[in-house]
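**Q**
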Amino acid sequence: MNTTLIRDGLLVESDRSWRADLLIEGEKITRIAPRIDTKTLPDDTDIVEAEGLCVMPGLIDSHTHYHLVSRGTVTADSFIEGSKLAAFGGVTTVVDFADHDKKRPLVASTNDRIDAMEKEMAIDFALHQGVYGMHEGIGKELEELLKRGVSTIKIFTTYKNVGYLIGMEGLRDLFSLCKKNQIMISAHCEDDTLIEQVEKEHKGSYTPADHALLRPAEAEYRAIKYLGSLAGEFSMPLYVVHLSSSRGLDAVRELRSKGIQVVVETTPHYLLLDASRLEGPQGPLYVMTPPLRTHHDNRDIQDALIAKELQVVATDHCAFTRAQKLASDDCRTIFPGIPGTEELLPLVYTFAVASSRMSLSDLVGILSSTPARLFGLYPQKGSLQIGTDADIVLFDPEATWTLSSDTVHSASEYTPYEGFSVAGKAVMTFLRGHLIMGDDVYVGKPGEGKFLRAKTSSAYD
Ligand SMILES: [Zn+2]
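Numbering (the numbering used here), first residue to last: 1038 to 1498.
1. Rounding to the nearest angstrom, what Cα-Cα distance links S1099 and G1200 in this structure?
2. Counting C-beta neighbours from all protein chains within 10 Å, is the total for R1330 16 or more, i.e. buried, or is it exposed?
3. Return the residue from the list A1087, V1464, M1221 that minimises the CA-CA distance to A1436.
4. Should T1352 be flagged as near chain B, meaning a C-beta pair shorter than 8 Å?
5. Looking at ligand 1, does it come within less than 7 Å of C1355, judged from the CB to the closest heavy atom?
6. Near T1082, what residues of its chain come up, given a Cβ to Cβ distance below 8 Å and the 5 sequence neighbours on each side ignored?
7. Between the Cα of K1065 and the Cα atoms of S1313, T1129, F1125, T1425, which residue gives the shortest distance?
8. Residue range of the beta strand (DSSP E) that K1065 falls in?
9. Closest by CA to S1188, which one among D1228, V1144, D1152?
10. Could you tell me whether any non-hydrogen atom of ligand 1 is closer than 7 Å to the CB of H1102?
11. What runs of the alpha helix (DSSP H), each 4 residues or longer, lie entirely inside the region 1400-1444?
12. Leaving out the 5 sequence neighbours to the left and right, which residues in its chain are closer than 7 Å to V1235 when beta-carbon positions are compared?
13. Terminal residues of the continuous alpha helix (DSSP H) containing T1041?
14. Once you ignore the five residues that flank D1152 on each side, which residues in its own chain have a CB closer than 8 Å to its CB?
15. Along the chain, where does the alpha helix (DSSP H) containing K1216 start, and where does it finish?
16. Which two residues bound the contiguous beta strand (DSSP E) that contains H1306?
17. Straight-line CA distance for T1110 to Y1103?
18. When you compare each of L1411, A1246, I1232, R1068 to E1257 by their alpha carbons, which one comes out closest?
19. Reducing DSSP to helix, strand and coil, say where R1056 ends up.
20. Quick one: grab the DSSP three-state call for D1081.
21. Give me, in chain order, the residues of the same chain whose beta-carbon lies closer than 8 Å to that of A1480; leave out the 5 immediate sequence neighbours on both sides.
22. Thinking C-alpha only, which one of L1275, T1493, P1453 is nearest L1384?
23. Compare the Cα-Cα distances from L1440 to each of F1125, D1353, L1421 and report the closest residue.
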């Protein structure tokens, strides 16, 4: 059995940080104490000197699309590539998505995705199951889903053209069934009717910058209000993925003022990038949905995160290669999505913690413990408790470096954060006790990643 002693680091959990030694035996954290005497340990114990480093639970990127088959192609980061870049970013668990194959039961879609991921993932993973339509017997299918270990579904309020939209009657049934089974509904919120109307009235070009005009923030506001009201009717939580705008935030605040439980995720790009990126020849590299908004929106989302109005930052990692992205400058055909898992920790640390606006413990909350709770993985993931998985990231808060296509590892061959100076770097990443990244060398093994059976979301507590 492998034994590793991490000595004299600053242990950080979401509610406290303290200096201590931490012992890993096999796959688990087995002891934490101010001083663990090495004489009590086997001779072959690996000793890691962590003075000056933060010892945090492995991060969870709870919104990824690795190896996404879409629009006649597949995204650049496979499960193998995705695991690797995640390890470099201190991420030891992702929650990815299974598309809904409407011809088969939901759990068949889940099982296909699990089978494909188990073969190649080198970090652990859980799943959200897409639900793009309603049909007879879906109640039973949702129960099976839960038994299989998936406790969140994902719905869309847009993309009617590709058959993702569920009508009002169907949605009401779905909310009711999810409430009954305590399944959390996560939603991509953009009102399709408004988008169609804007599209109809749009006279002009279809440049990358037009993408932002064609999908206005008002559409986010309307969809959040609509789904939130529905959640309110059933007294159940709603999880809003990738909140992008001040208007979206208005909707969240209005719903909460009525006592409706809205859990909100944003991404690094809605915190730090604005629509000016869509101008010029590199514009296609920044196309995703919802689109980038204004600098003003960035500031509002940042302030809301600091004020704890937002609960999670995840990335929506959906990477296409530079060549794929630049193959079109028509926003209707540019592959939508950007990479982000690897950049998550340094970006959020730099903007929030290095600037003294957020504590290290709160950082661990939004990037690890809270997603673990919300997606039914806590305390196995997202904690440093004795007996839990030894998923650990050693983080050097003093490191300074520059994000660029040369310093990060996505197969997309670009980073949307090119040239960003950041503070803090993951220097060692352990998955269930095994080192998967150390000193800029990746040693993860495809197939070592396990599917995690999610319990009921803490949003139902
Ligand atoms: Zn997504």
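For every residue, glycine included, the Cβ atom is placed at its ideal position computed from N, Cα and C.
**A** Reading off the structure:
1. 24 Å
2. buried
3. V1464
4. Of the chains in the structure shown, none is chain B; there is only one protein chain.
5. yes
6. T1040, T1041, L1042, T1075
7. T1425
8. 1065-1070
9. V1144
10. yes
11. 1407-1411
12. L1251, P1253
13. Careful: T1041 lies outside any alpha helix (DSSP H), inside the beta strand (DSSP E) at 1040-1050.
14. none
15. 1205-1218
16. From DSSP, H1306 is part of no beta strand (DSSP E) but of the alpha helix (DSSP H) over 1305-1309.
17. 13 Å
18. I1232
19. strand
20. coil
21. The question names Ala, but residue 1480 in the sequence shown is Val. Counting only Cβ-Cβ distances below 8 Å, and skipping sequence neighbours, we find L1472, I1473, M1474.
22. P1453
23. F1125
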